[in-house]
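Single-structure report; data block below.
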DNA sequence: TCGTCCTACTTTGCACACAATCTGCGGGGA
DNA sequence: TCCCCGCAGATTGTGTGCAAAGTAGGACGA
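Chains as they are written, first to last, in the numbering used here: chain A, 4 to 213; chain B, 4 to 213.
So, in structure tokens, the structure goes:
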């Protein structure tokens with residue numbers, strides 16, 4: 004699990020998250036091996052790992068596919084996020100240095116005027132930074148397996164205007180709460196943030212499946 | 004990831020949970036391959052999977068070891084359990100049929116008079132049954148990665164009498180709450196249950212490291 | 001005597017080869 | 001015409017070989 008395997012995990016994950024492979028797309032071992040320039044062995048390990056993260060599904064003797072999500076599964080993922088991410092946010096508040104807060108503020112403000120295509124990356128950076136500040140690997144790890152799903156499903160293109168504005172305002176407000184040194188406030192906003200995202204994603208998923 | 008690989012995952016996991024391998028013990032690929040009667044390839048996949056579950060740690064070019072836990076990491080795991088398991092318990096309550104409740108009741112009562120060595124199995128069965136009833140794969144999966152740690156660290160032998168009695172009483176009370184159809188009650192008891200276990204485990208870990 | 005370097009061994013990491021399983025398609029029968 | 005069976009192609013699952021990385025032990029020099 005060193006060079007080639009590790010690289011393969013990251014590469015495939017990135018390919019999926021960037022949308023190169025659509026949900027449900029087959030991930031042939033030989034295909035990926037050629038694309039990454041390694042043999043099938045590290046690709047196998049990468050797929051097994053991504054499967055345990057929930058990003059791909061492996062059916063015995065039938066190969067790996069990019070996971071697709073039912074509405075029910077999607078709601079479950081948001082239940083999990085709602086259970087963990089607000090707590091992580093609260094934990095992050097007392098750990099944040101002024102420099103951290105400036106960085107988060109910068110990210111939050113850049114998102115307000117960013118192009119829709121850049122939002123995904125900035126959003127990941129913001130939430131990732133917050134989770135890192137919480138300094139709680141166990142919860143962060145538990146969350147990591149779930150956090151991908153909504154990103155895979157859709158990017159921000161699907162947000163309606165009101166929801167998007169709310170979402171961006173939440174980021175800014177979380178930073179404000181952290182500056183005020185108020186974990187409960189930050190936690191509450193993050194809770195609202197996730198519920199807002201849930202509403203958007205579930206609506207989209209319903210429209211898709213309809 | 005079918006026959007041999009899957010078996011290897013379960014076998015190694017079971018070996019670790021049963022305490023056949025101590026925390027920190029080396030897990031050589033050839034050694035495990037011979038023990039399980041398969042080649043190194045499925046063993047590799049099994050170790051990679053268990054690593055993503057957190058049960059083993061893989062150091063590049065130096066092989067796999069059974070994870071060992073610092074006090075801080077142990078507390079983190081209990082934070083995670085405290086965040087998820089009470090919610091799962093609350094979700095389980097409305098889903099439980101009378102037959103389910105009878106089974107849980109049976110497990111909880113058997114634990115009261117069981118031998119210490121049998122408690123581990125019964126406890127896993129009780130919590131497993133509860134989690135299954137919650138019917139929430141995402142949260143259950145997130146929890147699964149963490150639930151192993153305390154079991155690995157110590158079995159019930161280390162419980163002091165008062166804590167053990169509390170723990171067993173909690174199980175009975177959770178069933179009672181479920182019978183009453185009161186999710187909030189069950190959730191609260193489970194929360195207490197986990198905090199009680201945390202106190203025991205942390206004390207033990209401190210004594211060990213001292 | 002202690003420190004450093006070198007050598008040999010052990011173990012993992014990767015690639016490749018073979019076997020088992022599954023899917024799709026075509027032919028034959030009802 | 002429809003269904004079932006069987007065959008061929010493709011793909012995964014597993015075993016094994018080889019090379020690289022790391023570790024341990026000893027020998028040599030200061």
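Glycine included, each C-beta is placed from N, C-alpha and C at the ideal position. Computed from a prediction, not measured in an experiment: that's the story for all the values here.
- DSSP places residue 117(A) outside both helix and strand once states are collapsed to three, so it counts as coil.
- Nearest to residue 90(B) by alpha-carbon distance, out of 190(B), 176(B), 196(B) and 205(B), is 190(B).
- No Cβ of chain B is located within less than 8 Å of the beta carbon of residue 196(A).
- When the Cα atoms are used, residue 136(A) and residue 117(B) turn out to be separated by approximately 44 Å.
- Under the three-state reduction of DSSP output, residue 67(A) falls in the strand class.
- The closest CA to that of residue 80(A), considering only 211(A), 165(A), 123(A) and 197(A), is found on 197(A).
- Note on geometry: alpha-carbon atoms of residue 112(A) and residue 128(A) lie some 13 Å from one another.
- Just so you know, the alpha carbons of residue 209(B) and residue 138(A) end up roughly 21 Å apart.
- The segment 162 to 176 of chain B and the segment 92 to 102 of chain B do not touch, with fewer than 3 CB-CB distances between them shorter than 8 Å.
- Short of 8 Å from the beta carbon of residue 54(A), and not among the five residues preceding or following it, lie these beta carbons of its own chain, in chain order: 60, 61 and 67.
- With fewer than 16 other beta carbons inside 10 angstroms of its own, residue 6(A) counts as exposed.
- With 16 or more other Cβ atoms from the protein chains shown falling within 10 Å of its own Cβ, residue 88(A) counts as buried.
- At least 8 Å separates the CB of residue 204(A) from every CB of chain B.
- In the DSSP assignment, residue 60(A) falls within the unbroken beta strand (DSSP E) covering 59 to 62.
- Listed in chain order, the alpha helix (DSSP H) runs fully inside the segment 143 to 187 of chain A are 164 to 182, counting runs of at least 4 residues.
- According to the DSSP assignment, residue 42(B) belongs to no alpha helix (DSSP H), since it is labelled neither H nor E.
- Rounded to the nearest angstrom, the gap between the Cα atoms of residue 44(A) and residue 15(A) is 14 Å.
- For residue 13(A), the enclosing alpha helix (DSSP H) covers residues 6 to 20.
- For residue 130(B) and residue 13(B), the gap between their C-alpha atoms comes out near 19 Å.
- Pairing residue 94(B) with residue 69(B) gives a Cβ-Cβ distance that is not under 8 Å.
- By the CB criterion at 8 Å, residue 204(A) and residue 92(A) fall outside the cutoff.
- Per DSSP, the beta-bridge partners of residue 30(B) are 67(B).
- Non-local C-beta neighbours of residue 171(A) in its own chain, meaning closer than 6 Å and more than five positions away in sequence, comprise 114 and 115, ordered along the chain.
- Non-local beta-carbon contacts of residue 159(A) in its own chain, meaning distances under 6 Å to residues more than five positions away in sequence, involve 119 and 122 in chain order.
- Taken in chain order, the members of the segment 87 to 107 of chain A whose beta-carbon sits within less than 7 Å of a beta-carbon on chain B are 87 and 90.
- The three-state secondary structure of residue 196(A), taken from DSSP, is helix.
- Nearest neighbour of residue 104(A) by Cα position, chosen from 151(A), 174(A), 146(A) and 84(A), turns out to be 174(A).
- Residues of the segment 48 to 61 of chain A with a C-beta less than 8 Å from any C-beta of chain B: 48, 51, 52, 54, 55, 56, 57 and 61, listed in chain order.
- Annotation: the continuous alpha helix (DSSP H) that includes residue 88(B) extends over 74 to 98.
- Within the same chain, 181, 186 and 189 come within 6 Å of residue 96(B) by CB-CB distance, once the 5 residues on both sides are set aside.
- Around the Cβ of residue 75(A), a 10 Å sphere holds fewer than 16 other Cβ atoms; the residue is exposed.
- Using a Cβ-Cβ cut-off of 8 Å, residue 139(B) counts as an interface residue toward chain A, since at least one Cβ of chain A sits closer than that to its own.
- In this structure, 84(A) is the residue among 84(A), 48(A), 178(A) and 144(A) with its C-alpha nearest to the C-alpha of residue 199(A).
- Between the beta-carbon of residue 39(B) and that of residue 46(B) there is about 7 Å, and that keeps the pair under the 8 Å contact cut.
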